[in-house]
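Colleague: Per the working numbering: the sequence shown ends with 456, consecutive numbering throughout. Just so you know, even glycine gets a beta-carbon here, dropped at the ideal spot from N, CA and C. I'd like to ask some things about the structure below.
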Amino acid sequence: MKKLLFSLVSVFAIWFACTVGASAQIGNTVTQKFPGVPSGGCPNPFNLGLNSANGALSTCPNGSWVTSSSSATLVYASKVATLSTNLQTGGGTDDTTALENILKPGGSCANVPKGGIELVMDGPALVHGLTVCSNTLIQCQPGGQPGLGATTGVGGFYLANSSNVPVIALDSSSGTTTTELNVSVQGCFMNGNRANGNNVQQVSGTPNPCMQFYGIQGLVLENNLMYNCPFTGLSLSGNNIYEQNNRFEYTPATPLNTGGTDLRGPSSYVRIINETVCAGDDAVAANTRFYTGGTVNLGPFVLGGNISHVLMDGIQLDCPAGASMWGAVDLISDGGFLLDDVTVTHVKGAVQNYAVYISRDSINTPLIANGWIGDILVDDMDVTVTGPPQGAGIPAGIFPVDASIETLRLRNIRNSGIPDPLLVKLLPHENQMYFQENQ
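Set out below in structure tokens:
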């Protein structure tokens, strides 16, 4: 039952170039997708073969397919932990030490087996926060996204009272070099226990999400439910990040300072696909500037950086009647960094203030240095902006813009909210914007 822990960085090249096709070419490398073990001839030594069933990657050094024999160490959580908590209400025995001994043996990522770790969560665990290392797969059972009604027999995590840390975070023992590579979390119910001493911010002032991966190279997050996270659901930075079919819910529906994905710079080649959110802030935010008030060592990327090659496809704003989110998407370039090549498409739902806010600085945050925004494409958006603006100084409209932009392209935009709104509202700014519209 062991699975191969493949190189996510290599496979990401496949995903970004060809999501559904049979093959993709990147430079001289041609990647072919197979339903199982690659078969047939491969005359090109640059060819790669992807086993879609288990993610194993094969090479073609001598005219035939060769698959790595390096396999992950498979551990079922029930063999080492009690798994006695309830994913909605908590309680039970703390499983942090038992699980951390598997994910970070002896307290060091250097002790992770060569093939990596595959941890199967076959039940619910009470934790005070877990850290993960390179080449780690956490897979919760049963497969797919668990519903809120399922509290037993479902794999996942409940953050213990007053933990005040993320449920899962990347090990970041080095603040000057790339931290970890190739991490995946799939099918997990993750309760951040927001109301019981798990604050929006850690003591140092660093925001406190359900999952935090800063400086990651190769990340897959699929079919997870993030529930009642202290801050946003996901806080990320790095390269080759793939998010798909994740859901974010809070009780009450829209508490302040909660959201879906918070992407920070430097980051590149990021795909956020089919994200469903009901929260108090934005569904997705991308900000080139990093947090400056915190003192917790977050890894190498604590000063911010460029963000590029980002696809947000399928953002569903899914709040109950009477609850409205702050905004759908927030795009911020600050600290002198570039935000470029961002596509936002297939967004639907209702918000209080704006559909997409494009800015050179965070709202109510002192400006460090002007950023710059390159090419932004927004396509197929059906967002109701209900108004009135929620809070003093908050921009309202479908597309409030307070930034220098090279190109803003809008296609297939629909709104049924505030009467006769301005499609694009230019806020006072000293720079120029070149605007293309296709309504």
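Is DSSP giving E197 helix, strand or coil here?
Modeller: Here the question's residue 197 lines up with position 180 in the sequence shown. Coil, per DSSP.
Colleague: Count the other CB atoms, across all protein chains shown, that sit within 10 Å of the CB of N128; report buried if there are 16 or more and exposed otherwise.
Modeller: In the sequence shown, residue 128 corresponds to position 111, counting from 1. Answer is exposed; the Cβ neighbour count stays below 16.
Colleague: As an exercise, report each continuous beta strand (DSSP E) stretch of at least 3 residues that is fully enclosed by the region 222–265, in chain order.
Modeller: Fully enclosed beta strand (DSSP E) runs of 3 or longer: 228–239, 242–244, 249–261.
Colleague: With distances taken from CA atoms, which of N199, V182, Y231 is nearest N208?
Modeller: Walking along the sequence shown from the start, residue 208 turns up at place 191. Nearest C-alpha to N208: V182.
Colleague: Straight-line CA distance for V202 to N262?
Modeller: Taking the sequence shown and counting its residues from 1, the one referred to as residue 202 is at position 185. Taking the sequence shown and counting its residues from 1, the one referred to as residue 262 is at position 245. In a straight line, the C-alpha of V202 is about 12 Å away from that of N262.
Colleague: Between the Cα of L136 and those of L147, L120, L425, F354, spot the shortest distance and give me the residue it belongs to.
Modeller: Looking up residue 136 in the sequence shown gives position 119. Closest by alpha carbon: L120.
Colleague: Roughly how many angstroms separate the alpha carbons of P269 and F230, rounded to a whole number?
Modeller: Indexing the sequence shown from 1 puts residue 269 at position 252. Indexing the sequence shown from 1 puts residue 230 at position 213. Taking the straight line from one Cα to the other gives about 26 Å.
Colleague: For V346, I'd like the list of residues in its chain whose CB is within less than 6 Å of its CB, leaving aside the five on either flank, ordered along the chain.
Modeller: Counting from 1 along the sequence shown, the entry for residue 346 is found at position 329. Once the five neighbours on either side are set aside, the close Cβ partners of V346 are V301, V361, V373.
Colleague: Just tell me which of Q333, G353, I393 has its CA closest to the CA of G344.
Modeller: Position 327 of the sequence shown, counted from the start, is the residue given in the question as residue 344. Looking at the Cα atoms, Q333 is the closest of the given residues.
Colleague: Would you mind sorting M142 into buried or exposed? The rule is 16 or more other CB atoms within 10 Å of its CB.
Modeller: Here residue 142 is taken as the residue at index 125 of the sequence shown, counted from 1. The residue asked about is misnamed: residue 142 is Ala in this sequence, not Met. Buried is the call here.
Colleague: Excluding the five sequence neighbours on either side, which residues of its own chain have a C-beta within less than 7 Å of the C-beta of N291, listed in chain order?
Modeller: Here residue 291 refers to the residue found at position 274 of the sequence shown. If we look at N291 and ignore the five residues flanking it on each side, its Cβ neighbours are Q261, N262, G331.
Colleague: Decide if A303 is buried, meaning its Cβ has at least 16 other Cβ atoms within 10 Å, or exposed.
Modeller: Taking the sequence shown and counting its residues from 1, the one referred to as residue 303 is at position 286. Result: buried.
Colleague: For R485, does the count of other Cβ atoms within 10 angstroms reach 16, so buried, or fall short, so exposed?
Modeller: In this structure the chain extends from 18 to 456, so residue 485 is not present and cannot be described.
Colleague: Cβ of I415 within 8 Å of Cβ of N429?
Modeller: In the sequence shown, the residue the question calls residue 415 occupies position 398. In the sequence shown, the residue the question calls residue 429 occupies position 412. No, the Cβ-Cβ distance between I415 and N429 is not below 8 Å.
Colleague: Using three-state DSSP, classify L100 as helix, strand or coil.
Modeller: Position 83 of the sequence shown holds residue 100. Coil at L100, not helix or strand.
Colleague: Taking C-alpha atoms, which residue in S180, M243, S151, N274 lies nearest to K236?
Modeller: Residue mapping note: residue 236 aligns to position 219 of the sequence shown, counting from 1. First, the residue type needs correcting, since residue 236 is Leu and not Lys in the sequence shown. The option with the nearest alpha carbon to L236 is S151.
Colleague: Compare the C-alpha of V294 against each of G277, L238, S285 and name the closest.
Modeller: Here residue 294 is taken as the residue at index 277 of the sequence shown, counted from 1. It is G277 whose Cα lies nearest to the Cα of V294.
Colleague: Just to confirm the assignment, what range does the beta strand (DSSP E) spanning N291 have?
Modeller: For this step, residue 291 is matched to residue 274 along the sequence shown. Here the beta strand (DSSP E) through N291 covers 276–294.
Colleague: Starting from F354, follow its DSSP beta bridges and name the residues at the other end.
Modeller: Taking the first residue of the sequence shown as position 1, residue 354 is located at position 337. Paired residues: none, contrary to the question.
Colleague: Within this structure, are the beta carbons of G132 and L100 separated by less than 8 Å?
Modeller: The residue you call residue 132 lines up with position 115 of the sequence shown. The residue you call residue 100 lines up with position 83 of the sequence shown. Contact flag unset, no.
Colleague: Express the C-alpha separation of A420 and N103 in angstroms, rounding to a whole number.
Modeller: Counting from one through the sequence shown, the residue named residue 103 turns up at place 86. Counting from one through the sequence shown, the residue named residue 420 turns up at place 403. Those two C-alpha atoms are separated by around 46 Å.
Colleague: Within 10 angstroms of its Cβ, does A177 collect 16 or more other Cβ (buried), or is it exposed?
Modeller: By one-based count along the sequence shown, residue 177 stands at place 160. Label assigned to A177: buried.
Colleague: Figure out for me which residue from N225, L273, N274, E266 has the closest Cα to the Cα of S252.
Modeller: To locate residue 252, count along the sequence shown from 1; it is residue 235. Among N225, L273, N274, E266, the Cα nearest to that of S252 belongs to N225.
Colleague: Measuring CA to CA, which of D399, G353, G108 is closest to W389?
Modeller: Walking along the sequence shown from the start, residue 389 turns up at place 372. The residue with the shortest Cα to Cα distance from W389 is G353.
Colleague: Nearest to N240 by CA position, among H145, Q105, G204, is which residue?
Modeller: Within the sequence shown, residue 240 is the residue found at index 223, counting from 1. N240 has its Cα closest to that of G204, out of H145, Q105, G204.
Colleague: For N213, does the three-state DSSP call read helix, strand or coil?
Modeller: Position 196 of the sequence shown, counted from the start, is the residue given in the question as residue 213. N213: coil per DSSP, three-state reduction.
Colleague: Going by the DSSP bridge assignment, what does Y175 pair with across the sheet?
Modeller: Residue mapping note: residue 175 aligns to position 158 of the sequence shown, counting from 1. Answer by DSSP bridge pairing, in chain order: L143, N208.
Colleague: Just checking my contact of V17 with C227 at CB under 8 Å: how many whole Å lie between their CB atoms?
Modeller: The requested residue 17 does not occur in the structure, where the chain is confined to residues 18 to 456.
Colleague: Starting from N304, follow the beta strand (DSSP E) in both directions and report where the run begins and ends.
Modeller: Counting from one through the sequence shown, the residue named residue 304 turns up at place 287. Its beta strand (DSSP E) spans residues 299–304.
Colleague: When the Cα atoms are used, what is the spatial distance from Q162 to K50?
Modeller: Walking along the sequence shown from the start, residue 162 turns up at place 145. Walking along the sequence shown from the start, residue 50 turns up at place 33. Its pLDDT being 42, under 50, Q162 is placed unreliably in this model, and the coordinates cannot settle the point.
Colleague: Going by the CB atoms, is the gap between N257 and P283 shorter than 8 Å?
Modeller: Working through the sequence shown from its first residue, we reach residue 283 at position 266. Working through the sequence shown from its first residue, we reach residue 257 at position 240. No; because the gap between Cβ atoms is not below 8 Å, this pair is not in contact.
Colleague: Mind checking L384: buried by the 16 CB within 10 Å criterion, or exposed?
Modeller: Locating residue 384 in the sequence shown gives position 367, where the first residue counts as 1. Bear in mind that the predicted position of L384 carries a pLDDT of just 45, short of 50, making it unreliable; the figure below should be weighed with that in mind. Label assigned to L384: exposed.
Colleague: Kindly list the residues whose CB is nearer than 6 Å to the CB of M329, restricted to its own chain and excluding five residues on each side of it in sequence; keep chain order.
Modeller: Translated into positions along the sequence shown, residue 329 becomes position 312. These residues qualify, in order along the chain: I289, V301, V361.
Colleague: For V171, count the other beta carbons within 10 Å of its own beta carbon; 16 or more makes it buried, fewer makes it exposed. Which is it?
Modeller: Here the question's residue 171 lines up with position 154 in the sequence shown. By the 10 Å Cβ count, V171 comes out buried.
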